Amino acid sequence: MSRPINFCSGPAALPLPVLDRISAELHDFQGSKISVMEHSHRDRLIVRLFEETEARLKSLLGIGDAYRVLFLPGGATLQFSQVPMNLLAPNESAAYLTTGAWSQKAIKEAAKYGNIVEVASSKETNFTTMPARDTWQLPADAKYFHICTNETIHGVEWFDSLEDLGMPVVADMSSHLLSRSMPIDEFDLIYAGAQKNLGTAGVTIVVVKEDLLEGCQPLTPGLMDYQSQIDNDSMVNTPPVYPVWVLSLVLEWLESLGGVAAVEKINRQKAESLYAAIDASSFYRNPVAKDCRSWMNIPFVLSDDSLDSKFIDASQNAGLLNLKGHRSVGGMRASIYNAITQTDVDTLIEFMREFERVSA
Ligand SMILES: Cc1ncc(COP(=O)(O)O)c(C=O)c1O
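Under the numbering used here, think of the first position of the sequence shown as 240, with each following residue one higher.
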């Protein structure tokens with residue numbers, strides 16, 4: 240049987256060439272005759288792996304020496320706390336935009352460490368829109384502005400500029416970092432768990448402008464102090480070496496495709512074809528406003544929700560995995576990260592048409 244297509248929102252599909260390299264090189268990391276997991280992180284090979292992965296990521300993002308890239312534990316969820324612990328004092332304010340469930344979680348955690356001001360929210364539209372920029376109430380004294388630029392559950396993506404906010408910008412890009420070119424210099428700190436578009440769970444990428452850091456709250460664990468992680472090249476303790484290796488292989492694969500500009504072209508086409516198929520049918524519907532539809536996470540509902548479980552069973556039997564929407568929104572969701580090809584998307588569209596034909 241051919242390999243199923245995994246539309247999971249994360250942990251997500253990995254590129255087949257990356258899986259092949261993992262399997263070929265697992266027992267012998269770079270000629271050392273032992274696996275990457277068995278090396279000391281102080282070993283020259285591993286130190287070089289970290290240096291090269293940072294350089295690769297910076298080059299793909301098109302950023303210079305003002306930024307450092309950290310490889311940290313704890314998932315994007317820990318960043319919900321680590322960001323305010325490092326950038327905020329308990330009596331200071333930070334501005335947060337609410338664009339979906341992940342923004343809400345970020346606010347809930349951050350509120351433990353300072354005064355969090357919600358500048359606007361799209362809750363009223365069930366997170367099917369982005370809050371219009373002219374409605375944002377930005378407090379002048381905020382230490383930073385936080386945004387989740389791609390809401391994985393609701394399928395809304397930020398495409399506008401964040402220039403001229405007058406404060407540092409922090410972004411959760413967990414589900415679309417390196418999916419298309421972005422004005423990275425508008426951001427002062429970016430974080431992303433690797434297990435969606437960039438590799439496997441266990442490492443969180445933090446891209447940070449070093450001059451943003453002025454010291455953290457006194458109770459911050461040493462492991463969570465960005466400056467200390469910078470000073471120790473992400474090795475304050477034993478780092479997640481295996482996920483960093485997988486990340487490095489994914490980045491090499493991305494380079495071999497032609498980098499971010501090339502993958503952007505592919506991703507645009509994939510998303511446009513799937514949205515076009517959904518919009519052309521009265522059997523399927525995507526609830527998100529057209530100007531903020533995510534290229535990576537595409538939720539859709541069936542006009543008759545009593546067919547939902549039949550759709551899931553049939554898609555699974557056809558080798559199309561994990562199309563069930565998040566439990567909080569229901570319906571379906573196709574996550575089409577970089578590792579998903581146009582052919583994979585075409586297979587899904589074909590399946591959807593056939594399901595409609597036999598069910599409508
Ligand atoms: C946008 C976004 N932020 C944060 C998270 C949490 O990530 P983690 O499980 O790595 O903590 C997720 C996970 O799905 C996500 O999609």
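Each residue gets a CB set at the ideal place from its N, CA and C atoms; glycine is no exception. The structure displayed is predicted, hence computed values, not measured ones.
- Given a cut-off of 8 Å, decide if Gly438 and Pro482 are closer than it, judged by their beta-carbon atoms. Translated into the one-based positions of the sequence shown, residue 482 becomes position 243. Translated into the one-based positions of the sequence shown, residue 438 becomes position 199. Taking C-beta atoms as the reference points, Pro482 and Gly438 count as a pair closer than 8 Å.
- Task: For Ser574, write down the residues that DSSP places opposite it in a beta bridge.
- Result: Here the question's residue 574 lines up with position 335 in the sequence shown. Residue pairing from DSSP places Ser574 in a beta bridge opposite Asn536.
- Pick from Tyr576, Leu562, Ala578: whose alpha carbon is nearest that of Met591? Indexing the sequence shown from 1 puts residue 591 at position 352. Ranking Tyr576, Leu562, Ala578 by Cα distance to Met591 puts Leu562 first.
- Check whether the Cβ atoms of Ala345 and Tyr352 sit closer than 8 Å, and answer yes or no. Counting from 1 along the sequence shown, the entry for residue 345 is found at position 106. Counting from 1 along the sequence shown, the entry for residue 352 is found at position 113. The answer is no: Cβ separation not under 8 Å.
- So Leu401 packs on Leu377, CB below 8 Å; how close in whole Å? On the sequence shown, residue 401 is found 162 positions in, with the first residue counted as 1. On the sequence shown, residue 377 is found 138 positions in, with the first residue counted as 1. The pair is not a contact, with the Cβ atoms about 11 Å apart (cut-off 8 Å).
- Residue(s) in a DSSP beta bridge with Leu559: Translated into positions along the sequence shown, residue 559 becomes position 320. DSSP output for Leu559 lists Ile244 as bridge partner(s).
- Query: Could you give the C-beta distance for Tyr576 and Ala340, rounded to a whole number, given that I count them as a contact under 8 Å?
  - Reply: One-based indexing of the sequence shown puts residue 576 at position 337. One-based indexing of the sequence shown puts residue 340 at position 101. The beta-carbon distance between Tyr576 and Ala340, rounded to whole angstroms, is 19 Å. This is too long to meet the 8 Å contact definition.
- Message: Do Gln318 and Tyr465 have their beta-carbon atoms positioned less than 8 Å apart in this structure?
- Response: Within the sequence shown, residue 465 is the residue found at index 226, counting from 1. Within the sequence shown, residue 318 is the residue found at index 79, counting from 1. Taking 8 Å as the Cβ cut-off, Tyr465 and Gln318 do not qualify as a contacting pair.
- Check: Trp492 C-beta below 7 Å from any heavy atom of ligand 1: As a first step, residue 492 is located in the sequence shown; it is residue number 253 there, counting from the start. Trp492: no, Cβ never under 7 Å from ligand 1.
- Does DSSP put Ala334 in a helix, in a strand, or in coil? In the sequence shown, residue 334 corresponds to position 95, counting from 1. In the displayed model, Ala334 falls within a strand according to three-state DSSP.
- Task: Measure the C-alpha to C-alpha separation of Ile537 and Lys272 and round it to an integer number of angstroms.
- Result: Translated into the one-based positions of the sequence shown, residue 537 becomes position 298. Translated into the one-based positions of the sequence shown, residue 272 becomes position 33. C-alpha of Ile537 to C-alpha of Lys272: approximately 43 Å in a straight line.
- Query: Is there contact between the stretch 452 to 461 and the stretch 248 to 265, where contact requires at least three CB pairs shorter than 8 Å?
  - Reply: Using a C-beta cut-off of 8 Å, the stretch 452 to 461 makes no contact with the stretch 248 to 265, since fewer than three inter-stretch Cβ pairs fall below that distance.
- Query: Taking the continuous alpha helix (DSSP H) assigned at Phe594, which residues delimit it?
  - Reply: Position 355 of the sequence shown, counting from 1, holds the residue named residue 594. Residues 581 to 598.
- If you draw a straight line from the alpha carbon of Thr256 to that of Asp380, how long is it in whole angstroms? Against the sequence shown, residue 256 aligns to sequence position 17. Against the sequence shown, residue 380 aligns to sequence position 141. Residue identity differs from the one stated: residue 256 is Pro in this sequence, not Thr. Rounded to whole angstroms, the gap between the alpha carbons of Pro256 and Asp380 is 48 Å.
- Item | Boundaries (first-last residue) of the beta strand (DSSP E) holding Leu309 | Numbered from 1 along the sequence shown, position 70 holds the residue referred to as residue 309. Under the DSSP assignment, Leu309 falls in the beta strand (DSSP E) whose first and last residues are 306 to 311.
- Rounded to whole angstroms, how far is the Cβ of Val527 from the Cβ of Val395, which I believe are closer than 8 Å? Taking the sequence shown and counting its residues from 1, the one referred to as residue 527 is at position 288. Taking the sequence shown and counting its residues from 1, the one referred to as residue 395 is at position 156. The Cβ separation is near 6 Å, so the contact holds.
- Task: Tell me where the alpha helix (DSSP H) around Leu513 begins and ends.
- Result: Locating residue 513 in the sequence shown gives position 274, counting from the first residue. It spans 498 to 518 - the alpha helix (DSSP H) in which Leu513 sits, taken as one unbroken run.
- Test item: CB-CB of Pro407 and Asp427 under 8 Å: Position 168 of the sequence shown, counted from the first residue, corresponds to residue 407. Position 188 of the sequence shown, counted from the first residue, corresponds to residue 427. Cβ atoms of Pro407 and Asp427: closer than 8 Å.
- Is the beta carbon of Val502 less than 8 Å from the beta carbon of Arg524? Taking the sequence shown and counting its residues from 1, the one referred to as residue 502 is at position 263. Taking the sequence shown and counting its residues from 1, the one referred to as residue 524 is at position 285. With respect to Arg524, Val502 sits apart: the two C-beta atoms are not nearer than 8 Å.
- Task: Indicate the three-state DSSP secondary structure (helix, strand or coil) for Ile302 in the structure shown.
- Result: Numbered from 1 along the sequence shown, position 63 holds the residue referred to as residue 302. It is coil, neither helix nor strand.
- Message: Distance check for Asp470 and Val584, CA to CA, integer angstroms please.
- Response: One-based indexing of the sequence shown puts residue 584 at position 345. One-based indexing of the sequence shown puts residue 470 at position 231. When rounded, the distance between both Cα atoms is 43 Å.
- If you drop the 5 nearest sequence neighbours on each side, which residues of the same chain put their C-beta closer than 7 Å to that of Lys297? Your numbering for residue 297 matches position 58 in the sequence shown. Taken in chain order, the residues that qualify are Tyr306, Val308.
- Item | Rounded separation between His385 and Glu363 - CA only | Stepping through the sequence shown from its first residue, residue 385 is reached at position 146. Stepping through the sequence shown from its first residue, residue 363 is reached at position 124. About 20 Å.
- Decide yes or no for the touch test of the stretch 315 to 332 against the stretch 283 to 296: beta carbon pairs closer than 8 Å, at least 3 of them. Judged by Cβ distances under 8 Å, the stretch 315 to 332 makes no contact with the stretch 283 to 296, as fewer than three pairs qualify.
- Could you tell me the distance, in whole angstroms, from the CA atom of Val603 to the CA atom of Ser332? Residue 603 lies beyond the residue range present for the chain, which begins at 240 and ends at 599; the question has no answer from this structure.
- Task: Taking Lys234 as part of the beta strand (DSSP E), name the residues at either end of that continuous run.
- Result: Past the boundaries of the shown model lies residue 234; the chain is included only from 240 to 599, so the question cannot be answered.
- Runs of beta strand (DSSP E) lying entirely within the stretch 392 to 460, each at least 3 residues, in chain order: Correct list: 408 to 411, 428 to 432, 443 to 448.
- Under 7 Å Cβ to Cβ from Trp492, same chain only, skipping five residues before and after it: list those, please. Locating residue 492 in the sequence shown gives position 253, where the first residue counts as 1. Contacts found: Pro254, Pro256, Val257.
- Task: For the alpha helix (DSSP H) holding Ile469, just list the boundary residues, first then last.
- Result: Residue numbering aside, residue 469 sits at position 230 when the sequence shown is read from its first letter. Here the alpha helix (DSSP H) through Ile469 covers 465 to 470.
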